[in-house]
Structure formats: structure tokens, C-alpha cells
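Reminder that position 85 of the sequence shown reads as 119 in our numbering, one-by-one numbering, no gaps. Worksheet for the structure shown next.
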Amino acid sequence: MSYVDEVIEQVIKQNPAEPEFHQAVKEVLESLRVVVEANEEKFRKDALLERLVNPERQFKFRVPWVDDKGQVQVNTGYRVQFNSAIGPYKGGLRLHPSVNLGIIKFLGFEQIFKNSLTGLPIGGGKGGSDFDPKGKSDREVMAFCQSFMTELCKYIGADTDVPAGDIGTGAREIGFMFGQYKRIRGVYEGVLTGKGLSYGGSLARTEATGYGLLYITEEMLKCNGQDIAGKTVAVSGSGNVAIYATQKAQQLGAKVVTVSDSTGWVYDPDGIDVAALKEIKEVNRARLTEYKKYRPNSEYHEGKGVWSAKVDIALPCATQNELDIEDAKTLVANGVLAVCEGANMPTTLEATEYLQKNGVYFVPGKAANAGGVATSALEMSQNSERLSWSFEEVDSKLKGIMVNIFHNLDSAAKKYGFDGNYVVGANIAGFEKVVDAMNAQGIV
Ligand code: NDP
Ligand code: 2IT
Numbered sequence: 035m036s037y038v039d040e041v042i043e044q045v046i047k048q049n050p051a052e053p054e055f056h057q058a059v060k061e062v063l064e065s066l067r068v069v070v071e072a073n074e075e076k077f078r079k080d081a082l083l084e085r086l087v088n089p090e091r092q093f094k095f096r097v098p099w100v101d102d103k104g105q106v107q108v109n110t111g112y113r114v115q116f117n118s119a120i121g122p123y124k125g126g127l128r129l130h131p132s133v134n135l136g137i138i139k140f141l142g143f144e145q146i147f148k149n150s151l152t153g154l155p156i157g158g159g160k161g162g163s164d165f166d167p168k169g170k171s172d173r174e175v176m177a178f179c180q181s182f183m184t185e186l187c188k189y190i191g192a193d194t195d196v197p198a199g200d201i202g203t204g205a206r207e208i209g210f211m212f213g214q215y216k217r218i219r220g221v222y223e224g225v226l227t228g229k230g231l232s233y234g235g236s237l238a239r240t241e242a243t244g245y246g247l248l249y250i251t252e253e254m255l256k257c258n259g260q261d262i263a264g265k266t267v268a269v270s271g272s273g274n275v276a277i278y279a280t281q282k283a284q285q286l287g288a289k290v291v292t293v294s295d296s297t298g299w300v301y302d303p304d305g306i307d308v309a310a311l312k313e314i315k316e317v318n319r320a321r322l323t324e325y326k327k328y329r330p331n332s333e334y335h336e337g338k339g340v341w342s343a344k345v346d347i348a349l350p351c352a353t354q355n356e357l358d359i360e361d362a363k364t365l366v367a368n369g370v371l372a373v374c375e376g377a378n379m380p381t382t383l384e385a386t387e388y389l390q391k392n393g394v395y396f397v398p399g400k401a402a403n404a405g406g407v408a409t410s411a412l413e414m415s416q417n418s419e420r421l422s423w424s425f426e427e428v429d430s431k432l433k434g435i436m437v438n439i440f441h442n443l444d445s446a447a448k449k450y451g452f453d454g455n456y457v458v459g460a461n462i463a464g465f466e467k468v469v470d471a472m473n474a475q476g477i478v
């Protein structure tokens with residue numbers, strides 16, 4: 035059996051009931067097959083792939099907190115420190131009831147390659163909890179965040195592991211966590227990114243993931259003789275990534291006609307009103323059913339269905355496996371040109387293959403959404419030098435990074451005979467730097 039197949043089999047056996055982790059490992063290792071086969075003897079002897087798929091360290095802990103009725107609630111917290119070959123662990127904290135160890139491991143594994151692709155010195159990690167911030171009061175969210183950080187603070191630090199936001203973790207949660215870290219550890223340092231501007235945050239970090247997604251989409255289309263201006267776009271989700279993806283797409287002259295949340299989706303034939311979306315989601319923390327009040331011409335549909343809109347470009351920006359084979363068939367039948375992932379692993383393996391086989395340009399999340407973590411790394415730099423850069427400076431660095439990522443994955447795909455396969459290109463380009471650093475550092 036080939037080394038790649040052996041390791042995939044081992045991962046499934048040793049990590050039962052973690053389907054998302056299996057999926058992420060399969061996608062990466064399948065892409066690396068050509069590189070692994072060329073170095074099979076050495077990689078096998080060094081157990082390189084086994085070291086890559088086993089986290090360096092993982093923490094699972096109890097998070098007790100008191101709700102507004104005086105009832106004690108208990109959640110589970112996680113932090114997986116996956117790989118520190120190229121820098122301190124870096125990756126977000128997800129707060130969502132679906133969180134379990136397998137989800138955090140898939141996200142942490144993806145983060146290794148994503149962070150490598152940014153070209154910045156950050157290793158891969160991820161964490162979170164099954165706590166659901168939805169419907170909780172600010173005091174309850176604070177109680178949870180303080181309890182979560184009381185344990186997490188033992189394992190993180192500005193030079194060891196730097197968490198950030200992800201689903202359910204935005205500016206409010208980062209603020210509460212930062213305050214508790216500082217209180218317990220007594221150090222004012224850049225231990226978290228995505229901080230508020232008044233206490234060490236970076237301009238453009240809020241916008242970075244969505245803006246970065248559009249910068250790479252624009253570059254990819256340009257290199258394939260297409261222009262983003264005038265295109266119709268479907269965005270899913272209506273959180274941080276979706277909002278700023280929609281905003282930048284509009285600035286670049288495209289028309290975004292959909293957004294969604296976990297209960298339904300909106301179709302707005304005139305183009306999504308970003309100001310309304312921000313008020314509904316960022317200010318009122320309300321549901322998308324509210325959108326019609328702002329835009330009477332729009333339609334609200336319950337449930338799934340965001341990929342049924344006829345569009346040129348699809349940008350999944352909600353969550354994993356939200357775009358399946360049926361959605362891919364609908365998109366292709368409607369003549370979609372490109373799918374670029376704002377979320378982490380939003381497209382199933384089957385759907386990805388179908389899109390690629392049908393000539394759809396497909397940019398995977400670990401490249402397409404890397405602008406968020408890249409700007410987090412820029413926030414770390416600013417914290418270290420105790421300076422803040424202007425919005426324009428950060429935004430132009432972000433754009434440079436995204437353009438560079440596209441060219442790196444395009445070249446890696448070409449170099450190995452997979453011209454236009456940006457999944458293979460991203461995995462190989464991300465892997466090469468990590469392997470080089472792992473080899474240089476000996477068996478650790
Ligand atoms: P937010 O919490 O701000 O928004 C998440 C959005 O996705 C909401 O609209 C939410 O709807 C929807 N959503 C979440 N879970 C589900 C689900 N199970 N089914 C349907 N809809 C769902 O998160 P972000 O925008 O920060 O993150 C979105 C994606 O982007 C995630 O995959 C994340 O890992 C990824 N990402 C985020 C980065 C960042 O910087 N924030 C960086 C790189 C990637 P509802 O409110 O109804 O739950
Ligand atoms: O998935 C991701 O890259 C993030 N949630 C952002 C991580 C970060 O450290 O900014």
C-alpha cells in the first residue's frame with residue numbers, strides 16, 4: 035500500500051467518529067501524493083506524514099459558568115496546538131454548539147497549510163467550545179468567556195499560541211477574553227488577535243477575511259482572462275466573512291444577490307444592502323427575516339437553497355460542508371464560472387471534484403480565506419513593535435499577500451502537472467515550507 039493510503043487509513047482508525055478531520059486529511063494527503071511519492075523512502079523513514087497528522091498537543095477542559103437565572107452551565111473547551119514548525123500556533127476560537135474535538139482538529143490541520151501559504155511566520159492551531167453565544171445576554175457571554183480564558187490562559191501567550199475569532203467569536207468575545215487573560219497573567223501582550231482598536235487591534239482585521247477572498251478571486255479571474263466587474267455573485271452566511279466579502283465584491287463592481295444564515299436565505303435582485311445587513315447582524319444580532327423590512331423587493335426563503343440562485347460566482351462563507359454534490363450540480367447547470375471558499379471546507383469532496391471536472395475555477399478555503407489570519411499576523415507585528423499602521427497600509431499588504439498566494443498555488447499546480455487545479459496547488463505550496471522547517475528542526 036502507498037504511504038499516503040497507509041496514513042489515511044491510520045488516521046481513520048486512530049481517530050474514530052471525527053469525519054471532518056478525516057475529510058481534511060484525505061483532501062490534503064491526496065493532493066500531496068505526487069510530492070510524497072517522489073520522496074517516499076525518506077518521508078516514511080522520518081514518519082513525516084504521521085507527525086503531520088498528529089497534533090503536537092491538545093487540551094480539552096471544563097468551562098463552568100453561571101447563567102442569568104443563577105443556574106450553573108457546563109461547556110467543554112478545546113485548544114489543539116497542531117504544528118509549530120514555522121511559528122507560534124495561530125488560529126481562531128469557534129463558539130458553536132456543533133463544536134467537538136474532530137471539528138477543532140480539522141480546522142487546526144487546515145490552518146497549518148493556510149498559515150504557511152500566507153508567507154508569514156505562524157504555525158497551525160485552533161480551539162473553541164460547544165457554547166452557543168446566540169440568545170445569551172452580554173453578561174452570560176462574559177461569564178463564559180472569563181471561565182474559558184481562566185483555563186486557556188495556561189497554554190497560550192504572544193510567543194507561543196495566539197488565538198483569534200471564528201464562528202461565534204467576534205469583537206465582543208475577544209474583548210472579554212483579552213481582559214481575563216490580562217487580569218490573570220498580568221501581562222499586556224498580543225495574546226489574541228481581532229482585538230478592538232483601542233486596545234491593540236489592527237485596522238482592517240475586521241474586513242480582512244472577506245476582502246482577502248475578493249482580492250484572490252479577482253486575481254484568479256484576471257489570470258484566466260475574466261473580469262469580476264459585472265459578475266453576479268451568491269454569498270452564503272451573513273457573519274464576519276460574508277459581510278465584508280459582499281462589501282468588497284460590490285466595490286469591485288460585482289452584484290451580490292444572496293446571503294444566508296442557519297435558518298434561511300435572502301435573494302435580493304437589486305444587490306444586497308450591506309448597511310442593512312450590518313445593522314441586522316452586527317448591531318441587532320437579529321435573524322435575516324428582518325432584511326425584508328429594509329428591502330421590500332427582496333425574497334426570504336426558509337432553509338437551505340442559497341446555491342439555487344443563478345450566478346457567475348459562488349462564495350460559500352458560512353460553515354463546513356454547506357455546498358454538497360446536489361448544490362454543485364445546480365451551480366454547474368446554472369453556468370457558474372468560479373467557486374471560491376470564504377469558509378473553512380464549505381464544499382464536500384464530491385462537490386469539489388464535480389465542480390473541477392466541469393471546468394469551474396475552484397479556490398479552496400485554505401488559500402481563499404487566508405487573508406484573515408494573514409492580517410492577524412500583521413496585528414501581531416504591530417503589537418510587537420507597539421505601533422499601529424494605517425488602514426491603507428494594512429489593506430495594501432493584505433492585497434499583496436492574497437495576490438502572492440494565488441501565484442504560488444498556480445505555480446505549484448503547474449510545476450507538478452496539475453495546471454489550474456488550485457486545490458493541489460494550495461496543498462503542495464503550503465506543505466513545502468512546513469516540511470522544510472520540520473526537516474531542519476530534527477525529529478520533534
Ligand atoms: P460568524 O459567526 O461571524 O458567521 C457565521 C455565519 O455562518 C452566520 O451567518 C451563521 O448563521 C452561519 N452558520 C454558522 N454555522 C452554520 C451552520 N451549521 N449552518 C448554517 N449556517 C451556519 O463567523 P465567520 O464569518 O467568522 O466565519 C464563517 C466561516 O469562515 C467559518 O467557516 C470560519 O471558520 C471561516 N473563517 C473565518 C475567518 C475569520 O477571520 N472570521 C477567517 C477564515 C475563515 P447563524 O448566525 O444563523 O448561525
Ligand atoms: O480560520 C481562520 O483562519 C480564522 N478563523 C482566523 C484565525 C486568526 O488567527 O486570525
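Where a beta carbon is used, it is the ideal one built from N, C-alpha and C, also for glycine. Bear in mind that the values here come from a model prediction, so they are computed numbers and not experimental data.
| Asked | Found |
| --- | --- |
| Check this for me: beta carbons of R239 and E427, under 8 Å apart or not? | no |
| Take G246 and list the residues in its own chain whose beta-carbon comes closer than 6 Å to its own, dropping the five residues that flank it on each side. | G405, L432, M436 |
| Decide if the segment 190-201 is in contact with the segment 117-128; the criterion is three or more beta carbon pairs, one per stretch, under 8 Å apart. | yes |
| What do you reckon, is the C-beta of N455 under 7 Å from a heavy atom of the ligand 2IT? | no |
| How far does the alpha helix (DSSP H) with R78 in it extend, from its first residue to its last? | 74-79 |
| Which of the three DSSP states is assigned to Q57 in this structure? | helix |
| Run the proximity test for A309: is its beta-carbon closer than 7 Å to any non-hydrogen atom belonging to the ligand 2IT? | no |
| So, with DSSP's three-state summary, where would you put E336? | strand |
| Touching or not, the segment 260-269 and the segment 279-290, by the rule of three or more beta carbon pairs under 8 Å? | yes |
| Helix, strand or coil for S118, going by three-state DSSP, please let me know. | coil |
| Classify Y222: buried if its beta carbon has 16 or more other beta carbons within 10 angstroms, exposed otherwise. | exposed |
| Could you spell out the range, first to last residue, of the beta strand (DSSP E) harbouring S132? | It is not in any beta strand (DSSP E) - S132 carries neither H nor E in the DSSP assignment. |
| Which residue's Cα is closest to the Cα of R67: Q214, N149, N461? | N461 |
| What are the boundary residues of the alpha helix (DSSP H) that C257 is part of? | 239-257 |
| For A348, report the span of its beta strand (DSSP E) as first-last. | 347-349 |
| Does the Cβ of K124 lie closer than 7 Å to at least one heavy atom of the ligand 2IT? | yes |
| Measuring alpha carbon to alpha carbon, tell me which residue in A385, E333, H335 is nearest N355. | A385 |
| Here's the rule: buried if 16 or more other CB atoms are within 10 angstroms of the residue's CB, otherwise exposed. What is P89? | buried |
| Y328 and D307 look like a contact to me (Cβ under 8 Å); what is the Cβ gap, rounded to whole Å? | 6 Å |
| Rounded to a whole number of angstroms, what is the C-alpha to C-alpha distance between P155 and N149? | 8 Å |
| Using the Cα positions of S332 and Y301, report the straight-line distance between them to the nearest angstrom. | 6 Å |
| Please state whether the Cβ-Cβ distance between V114 and S181 is less than 8 Å. | no |
| State the CB to CB distance for the pair E174 and D102, rounded to an integer number of angstroms; the pair is presumed to be in contact (CB under 8 Å). | 6 Å |
| Mind pulling the beta strand (DSSP E) runs of 3 or more residues that sit fully within the segment 362-404? | 372-374, 395-397 |
| For W99, which residues does DSSP report across the bridge? | Q107 |
| Is D200 a contact residue of the ligand 2IT, with contact defined as CB to any heavy atom under 7 Å? | yes |
| Give me the DSSP bridge partner(s) of V267. | V290, I347 |
| So what does G125 bridge to, in DSSP terms? | P197 |
| Under 8 Å between the Cβ atoms of Q214 and C179? | yes |
| From the DSSP output, in three-state form, read off L151 for me. | helix |
| Give every residue of the same chain whose Cβ lies closer than 8 Å to the Cβ of V291, excluding the five residues on either side of it in the sequence, and list them in chain order. | T266, V267, A268, Y301, D302, P303, G305, I306, A343, V345 |
| Below 8 Å on the Cβ atoms is my contact criterion, and I expect L286 with L248 to pass it. Report the Cβ-Cβ distance as a whole number of Å. | 6 Å |
| Using only CA atoms, which one of A72, L86, K76 lies nearest to Q44? | L86 |
| What is the residue span of the alpha helix (DSSP H) that Y233 lies within? | That residue, Y233, is in no alpha helix (DSSP H); it is neither H nor E in DSSP. |
| Does the beta-carbon of E356, which I'm using as the reference point, lie nearer than 7 Å to any heavy atom of the ligand NDP? | yes |
| Helix, strand or coil for Q281 per DSSP? | helix |
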